[in-house]
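**Q** Residue numbers (numbering that gives the first Met the number 0), protein chains in the order written: chain H, 0 to 298; chain B, 0 to 298; chain S, 0 to 298; chain F, 0 to 298. Beta carbons: idealized from backbone N, C-alpha and C, even for Gly. Nothing here was measured: the structure is a model prediction, and the numbers come from that model. This is the structure I want to talk about, given as structure tokens.
Protein chains: 4
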Amino acid sequence: MGPGIIRAIGAHDALGARLGEQAGFDAIWSSGLEISASHGVPDAGILTMTEMLSVAGWMAGAVSIPVIADCDAGYGNTTNVAHMVRRFEAAGVAGVCIEDKVFPKMNSFMPGPQKLVPIEEFAGKIEAAKYAQRNPAFVVIGRIEALIAGLDLDDALRRGRVYADAGADAVLIHAKDTSPERILAFLGAWDREKPVVVVPTTYWSVTGSDLERAGARMVIYANHGLRAAVQAVTETFQAIRRADGTATVEECIASLETIFALQNVPQMLADADRHSTRSNSQPTDPPVEVESVYESPEP
Amino acid sequence: MGPGIIRAIGAHDALGARLGEQAGFDAIWSSGLEISASHGVPDAGILTMTEMLSVAGWMAGAVSIPVIADCDAGYGNTTNVAHMVRRFEAAGVAGVCIEDKVFPKMNSFMPGPQKLVPIEEFAGKIEAAKYAQRNPAFVVIGRIEALIAGLDLDDALRRGRVYADAGADAVLIHAKDTSPERILAFLGAWDREKPVVVVPTTYWSVTGSDLERAGARMVIYANHGLRAAVQAVTETFQAIRRADGTATVEECIASLETIFALQNVPQMLADADRHSTRSNSQPTDPPVEVESVYESPEP
Amino acid sequence: MGPGIIRAIGAHDALGARLGEQAGFDAIWSSGLEISASHGVPDAGILTMTEMLSVAGWMAGAVSIPVIADCDAGYGNTTNVAHMVRRFEAAGVAGVCIEDKVFPKMNSFMPGPQKLVPIEEFAGKIEAAKYAQRNPAFVVIGRIEALIAGLDLDDALRRGRVYADAGADAVLIHAKDTSPERILAFLGAWDREKPVVVVPTTYWSVTGSDLERAGARMVIYANHGLRAAVQAVTETFQAIRRADGTATVEECIASLETIFALQNVPQMLADADRHSTRSNSQPTDPPVEVESVYESPEP
Amino acid sequence: MGPGIIRAIGAHDALGARLGEQAGFDAIWSSGLEISASHGVPDAGILTMTEMLSVAGWMAGAVSIPVIADCDAGYGNTTNVAHMVRRFEAAGVAGVCIEDKVFPKMNSFMPGPQKLVPIEEFAGKIEAAKYAQRNPAFVVIGRIEALIAGLDLDDALRRGRVYADAGADAVLIHAKDTSPERILAFLGAWDREKPVVVVPTTYWSVTGSDLERAGARMVIYANHGLRAAVQAVTETFQAIRRADGTATVEECIASLETIFALQNVPQMLADADRHSTRSNSQPTDPPVEVESVYESPEP
Numbered sequence: 000m001g002p003g004i005i006r007a008i009g010a011h012d013a014l015g016a017r018l019g020e021q022a023g024f025d026a027i028w029s030s031g032l033e034i035s036a037s038h039g040v041p042d043a044g045i046l047t048m049t050e051m052l053s054v055a056g057w058m059a060g061a062v063s064i065p066v067i068a069d070c071d072a073g074y075g076n077t078t079n080v081a082h083m084v085r086r087f088e089a090a091g092v093a094g095v096c097i098e099d100k101v102f103p104k105m106n107s108f109m110p111g112p113q114k115l116v117p118i119e120e121f122a123g124k125i126e127a128a129k130y131a132q133r134n135p136a137f138v139v140i141g142r143i144e145a146l147i148a149g150l151d152l153d154d155a156l157r158r159g160r161v162y163a164d165a166g167a168d169a170v171l172i173h174a175k176d177t178s179p180e181r182i183l184a185f186l187g188a189w190d191r192e193k194p195v196v197v198v199p200t201t202y203w204s205v206t207g208s209d210l211e212r213a214g215a216r217m218v219i220y221a222n223h224g225l226r227a228a229v230q231a232v233t234e235t236f237q238a239i240r241r242a243d244g245t246a247t248v249e250e251c252i253a254s255l256e257t258i259f260a261l262q263n264v265p266q267m268l269a270d271a272d273r274h275s276t277r278s279n280s281q282p283t284d285p286p287v288e289v290e291s292v293y294e295s296p297e298p
Numbered sequence: 000m001g002p003g004i005i006r007a008i009g010a011h012d013a014l015g016a017r018l019g020e021q022a023g024f025d026a027i028w029s030s031g032l033e034i035s036a037s038h039g040v041p042d043a044g045i046l047t048m049t050e051m052l053s054v055a056g057w058m059a060g061a062v063s064i065p066v067i068a069d070c071d072a073g074y075g076n077t078t079n080v081a082h083m084v085r086r087f088e089a090a091g092v093a094g095v096c097i098e099d100k101v102f103p104k105m106n107s108f109m110p111g112p113q114k115l116v117p118i119e120e121f122a123g124k125i126e127a128a129k130y131a132q133r134n135p136a137f138v139v140i141g142r143i144e145a146l147i148a149g150l151d152l153d154d155a156l157r158r159g160r161v162y163a164d165a166g167a168d169a170v171l172i173h174a175k176d177t178s179p180e181r182i183l184a185f186l187g188a189w190d191r192e193k194p195v196v197v198v199p200t201t202y203w204s205v206t207g208s209d210l211e212r213a214g215a216r217m218v219i220y221a222n223h224g225l226r227a228a229v230q231a232v233t234e235t236f237q238a239i240r241r242a243d244g245t246a247t248v249e250e251c252i253a254s255l256e257t258i259f260a261l262q263n264v265p266q267m268l269a270d271a272d273r274h275s276t277r278s279n280s281q282p283t284d285p286p287v288e289v290e291s292v293y294e295s296p297e298p
Numbered sequence: 000m001g002p003g004i005i006r007a008i009g010a011h012d013a014l015g016a017r018l019g020e021q022a023g024f025d026a027i028w029s030s031g032l033e034i035s036a037s038h039g040v041p042d043a044g045i046l047t048m049t050e051m052l053s054v055a056g057w058m059a060g061a062v063s064i065p066v067i068a069d070c071d072a073g074y075g076n077t078t079n080v081a082h083m084v085r086r087f088e089a090a091g092v093a094g095v096c097i098e099d100k101v102f103p104k105m106n107s108f109m110p111g112p113q114k115l116v117p118i119e120e121f122a123g124k125i126e127a128a129k130y131a132q133r134n135p136a137f138v139v140i141g142r143i144e145a146l147i148a149g150l151d152l153d154d155a156l157r158r159g160r161v162y163a164d165a166g167a168d169a170v171l172i173h174a175k176d177t178s179p180e181r182i183l184a185f186l187g188a189w190d191r192e193k194p195v196v197v198v199p200t201t202y203w204s205v206t207g208s209d210l211e212r213a214g215a216r217m218v219i220y221a222n223h224g225l226r227a228a229v230q231a232v233t234e235t236f237q238a239i240r241r242a243d244g245t246a247t248v249e250e251c252i253a254s255l256e257t258i259f260a261l262q263n264v265p266q267m268l269a270d271a272d273r274h275s276t277r278s279n280s281q282p283t284d285p286p287v288e289v290e291s292v293y294e295s296p297e298p
Numbered sequence: 000m001g002p003g004i005i006r007a008i009g010a011h012d013a014l015g016a017r018l019g020e021q022a023g024f025d026a027i028w029s030s031g032l033e034i035s036a037s038h039g040v041p042d043a044g045i046l047t048m049t050e051m052l053s054v055a056g057w058m059a060g061a062v063s064i065p066v067i068a069d070c071d072a073g074y075g076n077t078t079n080v081a082h083m084v085r086r087f088e089a090a091g092v093a094g095v096c097i098e099d100k101v102f103p104k105m106n107s108f109m110p111g112p113q114k115l116v117p118i119e120e121f122a123g124k125i126e127a128a129k130y131a132q133r134n135p136a137f138v139v140i141g142r143i144e145a146l147i148a149g150l151d152l153d154d155a156l157r158r159g160r161v162y163a164d165a166g167a168d169a170v171l172i173h174a175k176d177t178s179p180e181r182i183l184a185f186l187g188a189w190d191r192e193k194p195v196v197v198v199p200t201t202y203w204s205v206t207g208s209d210l211e212r213a214g215a216r217m218v219i220y221a222n223h224g225l226r227a228a229v230q231a232v233t234e235t236f237q238a239i240r241r242a243d244g245t246a247t248v249e250e251c252i253a254s255l256e257t258i259f260a261l262q263n264v265p266q267m268l269a270d271a272d273r274h275s276t277r278s279n280s281q282p283t284d285p286p287v288e289v290e291s292v293y294e295s296p297e298p
């Protein structure tokens, strides 16, 4: 990671990743919550690694900025983590983030108790992840859920230090506080070289610059694209129902031309044109051959 | 199809399908354009049947209203169509729509020429689709691209009649006119019992009731959810960039509680609770057994 | 399950399932060990449910006899089990088998300790599975790994009874003994109505009829197809290397005609012919139309 | 490609690829026929690129020798070919082979007519493939089906030259002759620098060395693993049926230990051990923390 805070944006498909890149974000967060929601299921370890990987791979192919994949608790034990790292790496993802909750994890913002694994068990997963990677640039982020699970700042710091020392390239300190106070305290007390990542979903009054000044190296806006889409789609669908047609929404939604541009249609047409001009310019096929074996011409 | 016009809404994932059901639409259109766009690729036969099927299957599992899958040109010849029908049927999709363009098809709204297959070749695909289905309720819609390809109303009607007579459960007449005139003329001249489906993407001044009066039996708003989402996500991402944080967007986007509800989190928690109470109420495990083989308790 | 013992054969792809059906077996066992091996990974919870499901779904589409899917420990907790059941059911699989080991499970024949979950936790999974299914004919088998984990016959029976009473449609008693003695003792002591399934991988001296007389209702030959294939492919590859060509193996391997028959090529050709004759017999396409919009005929 | 002929072996899953590597072959052919057969469907463009890609990707992850993917006719037009190349490249596949038949292709050994695309149309696909690749080492093989389609040697040579000149890294000349005569004539007349690949499925009397002397640079034994497996599995299943058990086949099939070795179980156990010793040696978790938030210990 370079100087300055990295601003990452959550997405749940390649299109969202491309919109994030277009808006100027530095990285894409392949969000477990967003992807689960887009599949209509809770963010509770229900989607498999395969399903998460598929989405992250499409994202990685769609943007030139790094994609960091939210990999829950690593989908099992150290063997699963090692396998996971190799597969995400092969899919072109820049890095993964695993958290110290038991599998199957529950979304950190859901009601109910949260269960952590012992520190050393999770440190073993970090080690396994780093050991498995083949590309030295691949990043493994260790996510600390101590504050989410009801533990205190000391617990969070102790865990973070062990994860950093076990080889994590960064630690992510998560919280669902509405004030950034404890996160800022964590940043102030952090005594390792490894960067700290934060996710101000609930303590949203803080800015990226605030967090940078406090020592954070990466901030993730993890689920706002999904939430914006849900709001807009809900309203648009209701408006279509009310008007019994789309006349009232046409002005408020992206044009087909915008969609085509996001799909790289112009590039596709240019590429198709390049490779088809050849066939026009070099008519070397003997007609006699055609008649006997080619697909029969139209009647 | 029952009496009255069926109002269908396009979607590209299970979440969008659920939003469509929630808004009161009668059916979901698993849109090739939307699904392609969500993967960041043109709607030009690039995504495979497998990828389209996966999304349609997730939609079918997420809603109780019918899902109709946009199946492009049927992904090949009659063999491919037959295989496709069996797979979409097995995935719980209520029906498929195939169009009379050559494979790989180009989106009907994209610039450039559109190529059709001969009428009888496409009628063979309709036959193959109907022959392949196992569930008698499965629906095959034959989509007429004659007007899109620059042919006239008579051509469109001639094609539609052959498709209907070949067994299509409905025909879809497509156009990119800004006026509904030709579509209304088609409906007026239609002389088969089979229902007609319309897609007023460009001639959006017409209402569903207008179309019903003219004889249409199904109207598809094919891509408005995607376009609403793109607009909203773009604006939200820009706002986050401008404010260097999410404070200004929090009021405008769906809450996490809304997202959780759409994911059926309450149902999942209730189900989990039901099956876990059992273990609390019947402590029949002998401790001696536990010690020897269970996962070692935490230190 | 009907009268008489059901003889099931393991497979790892649709072709193997079809060979099993052709040989006269009553059911197919979608084997976790076989499928893991065919992907080149250990049978240790590395492949995801998605990957296992995909194979089982292909099998179910390829044969008319029931496919029972080996679903390891259920891929997580009761929520995962419920999700799993709905997905396997939707894929056309006749039933699933889950085992009372911790996730991620290790293959029962691998060296090293085996960890079980508490009885009641597993009974909760059985309940969750039965509660989730929609098709009343769907079968849930509860697999008892007590003998594999080093516990005794009484432990195995106690577990089996709780699983049967929790709703399992059958219990599978597994062992890696070389003698059938303990399995026969289990069958003799079994005092529930629910059928018992056995897997004589290591105690292979016993016959299906022996097991039937002892009270077993289903016997699974779980991995012999894979092992036969590995042996034959290894020898064939070595022979090709030795001879620097395939001359010496041609007599020993299936012909291409045999392969085509297993792929249902004759059925495909007949179907293709049926739907294409139509286009030959009804040449209603006006040539003028063709010239303007059809794919240009060959030069 | 280096000096000497490359001997490649066909496979349809990662396990087969590993057996090929183990037997000393130089490369793996991810065979369309084998993969189709393993899914129980004809080799006729029924499986999608996604399904073929998935298998090829697993193979590439399982072996250290190159995997060449049989990509039929490129799954569509130049746009599809470009997309295909990027996806196979990303999956770690060393190269692809596309053939000059129309989509959907029919297996070259199946009865019935074979349709080719015009030379220049296929040359455009070669160009598109080479233009799309990002890794300079990625290989695109242009497969000539002229002899399969009933054309003569001059046609085959003319096509091969155009494909080579269009950028193909090699050409594959296919035939279903029982004598190698025409293939040897093709090799004798070949006047481009690009290597020639041959597939002696039907003219199997020839050896790899014969082909090398004649100028071939790669020989593919395309489907013998599948055919060996089908033969052995059929016989084994019949033997199990006859004996009502596996006693008679135990000696003839690979042991579970052999299977475990092919799955890399020993490596997995060593890796797991490495990362778990850490947790045993550093018991730094404070018990007080455990009680409040960890998963409850067993009763």
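Taking Cβ positions only, does F:I172 come closer than 8 Å to chain B?
**A** Taking the fourth sequence and counting its residues from 1, the one referred to as residue 172 of chain F is at position 173. Output row for F:I172: interface = no.
**Q** My guess is that S:L171 and S:V198 are in contact by the Cβ rule of under 8 Å, so how many angstroms apart are they, rounded?
**A** For the purposes of this step, residue 171 of chain S is identified with residue 172 of the third sequence, where counting begins at 1. For the purposes of this step, residue 198 of chain S is identified with residue 199 of the third sequence, where counting begins at 1. Confirmed, about 7 Å.
**Q** Would F:G9 and F:N222 qualify as a contact pair, given that the criterion is a beta-carbon distance under 8 Å?
**A** Residue mapping note: residue 9 of chain F aligns to position 10 of the fourth sequence, counting from 1. Residue mapping note: residue 222 of chain F aligns to position 223 of the fourth sequence, counting from 1. Closer than 8 Å, so yes.
**Q** What does DSSP give as the partner residue(s) for F:K104 in the beta ladder?
**A** Here residue 104 of chain F corresponds to residue number 105 of the fourth sequence, with the count starting at 1. Residue pairing by DSSP places F:K104 opposite no residue, since no beta bridge is assigned to it.
**Q** Can you find the residues in the same chain that come closer than 7 Å, C-beta to C-beta, to F:G75, ignoring five residues on each side of it along the sequence?
**A** Along the fourth sequence, one-based indexing puts residue 75 of chain F at 76. Within the same chain, F:G75 has close Cβ partners F102.
**Q** Excluding five sequence neighbours on each side, which residues of the same chain lie with their C-beta closer than 6 Å to the C-beta of F:G141?
**A** As a first step, residue 141 of chain F is located in the fourth sequence; it is residue number 142 there, counting from the start. Excluding positions up to five away in sequence, the list reads I125, Y162, A167, V170.
**Q** With DSSP collapsed to three states, give me the class of H:Y220.
**A** Counted from its first residue, the first sequence places residue 220 of chain H at position 221. In this structure, H:Y220 counts as strand in the three-state DSSP scheme.
**Q** With a Cβ-Cβ cutoff of 8 Å, do S:I261 and S:R17 count as a contact?
**A** Counting from one through the third sequence, the residue named residue 261 of chain S turns up at place 262. Counting from one through the third sequence, the residue named residue 17 of chain S turns up at place 18. A quick correction: the sequence has Leu, not Ile, at residue 261 of chain S. Yes, they are a contact pair.
**Q** Would you say S:T78 reaches chain B, if we count a Cβ-Cβ gap shorter than 8 Å as a contact?
**A** If you number the third sequence from 1, residue 78 of chain S lands on position 79. So, interface residue.
**Q** Among the candidates S:Q266, S:M109, S:Y220, S:S37, whose CA atom is the shortest distance from the CA of F:A55?
**A** In the fourth sequence, the residue the question calls residue 55 of chain F occupies position 56. Closest option to F:A55, Cα to Cα, is S:S37.
**Q** I'd like to know if F:G9 contacts chain S, where contact means its C-beta is closer than 8 Å to some C-beta of that chain.
**A** Here the question's residue 9 of chain F lines up with position 10 in the fourth sequence. No, F:G9 lies away from the interface with chain S (no Cβ there is under 8 Å from its Cβ).
**Q** Identify whether H:E192 lies in helix, strand or coil by the three-state DSSP scheme.
**A** Locating residue 192 of chain H in the first sequence gives position 193, counting from the first residue. Coil, per DSSP.
**Q** Identify the contact partners of F:T235 in chain S, using a Cβ-Cβ distance below 7 Å as the criterion.
**A** Here residue 235 of chain F is taken as the residue at index 236 of the fourth sequence, counted from 1. Those within 7 Å of F:T235 in chain S are H223, G224, A227.
**Q** Give, in chain order, every residue of the stretch 88 to 110 of chain H whose Cβ lies closer than 8 Å to some Cβ of chain S.
**A** F102, P103
**Q** Using the C-alpha atoms, what's the distance from B:W57 back to B:R191?
**A** Start at 1 with the first residue of the second sequence, and residue 191 of chain B comes out as number 192. Start at 1 with the first residue of the second sequence, and residue 57 of chain B comes out as number 58. Using only the alpha carbons, I get a separation of about 34 Å.
**Q** Is it buried or exposed, S:P117, if we count other Cβ atoms within 10 angstroms and call 16 or more buried?
**A** Within the third sequence, numbered from 1, the residue matching residue 117 of chain S stands at position 118. Buried: at least 16 other Cβ atoms inside 10 Å.
**Q** Look at the alpha carbon of B:A253 and the alpha carbon of S:R158, and state the distance between them as a whole number of angstroms.
**A** Residue 253 of chain B sits at position 254 when you count from the first residue of the second sequence. Residue 158 of chain S sits at position 159 when you count from the first residue of the third sequence. If you draw a straight line from the Cα of B:A253 to the Cα of S:R158, it is about 47 Å long.
**Q** So what does DSSP say about B:L52, is it helix, strand or coil?
**A** Start at 1 with the first residue of the second sequence, and residue 52 of chain B comes out as number 53. Helix at B:L52.
**Q** Out of F:T245, F:D272, F:E120, F:D99, state which residue places its alpha-carbon closest to the alpha-carbon of F:H173.
**A** For the purposes of this step, residue 173 of chain F is taken as residue 174 along the fourth sequence, with counting starting at 1. Checked all of F:T245, F:D272, F:E120, F:D99; the closest Cα to F:H173 is F:D99.
**Q** What does a CB cutoff of less than 6 Å around B:D154 pick up in its chain, not counting 5 residues either side in sequence?
**A** By one-based count along the second sequence, residue 154 of chain B stands at place 155. Result list for B:D154: A145, in chain order.
**Q** Closer than 6 Å by C-beta to F:S208: which residues in its own chain qualify, once you throw out the five before and the five after it? Chain order, please.
**A** Looking up residue 208 of chain F in the fourth sequence gives position 209. Once the five neighbours on either side are set aside, F:S208 has no close Cβ partner at all.
**Q** Are F:F121 and F:K175 touching if we call contact CB-CB under 8 Å?
**A** Taking the first residue of the fourth sequence as 1, we reach residue 121 of chain F at position 122. Taking the first residue of the fourth sequence as 1, we reach residue 175 of chain F at position 176. It is not a contact, given that the beta carbons lie outside the stated cut-off.
**Q** To the nearest angstrom, report how far apart B:Y220 and B:L152 are at their CA atoms.
**A** Walking along the second sequence from the start, residue 220 of chain B turns up at place 221. Walking along the second sequence from the start, residue 152 of chain B turns up at place 153. Going from the Cα of B:Y220 to the Cα of B:L152 covers about 22 Å.
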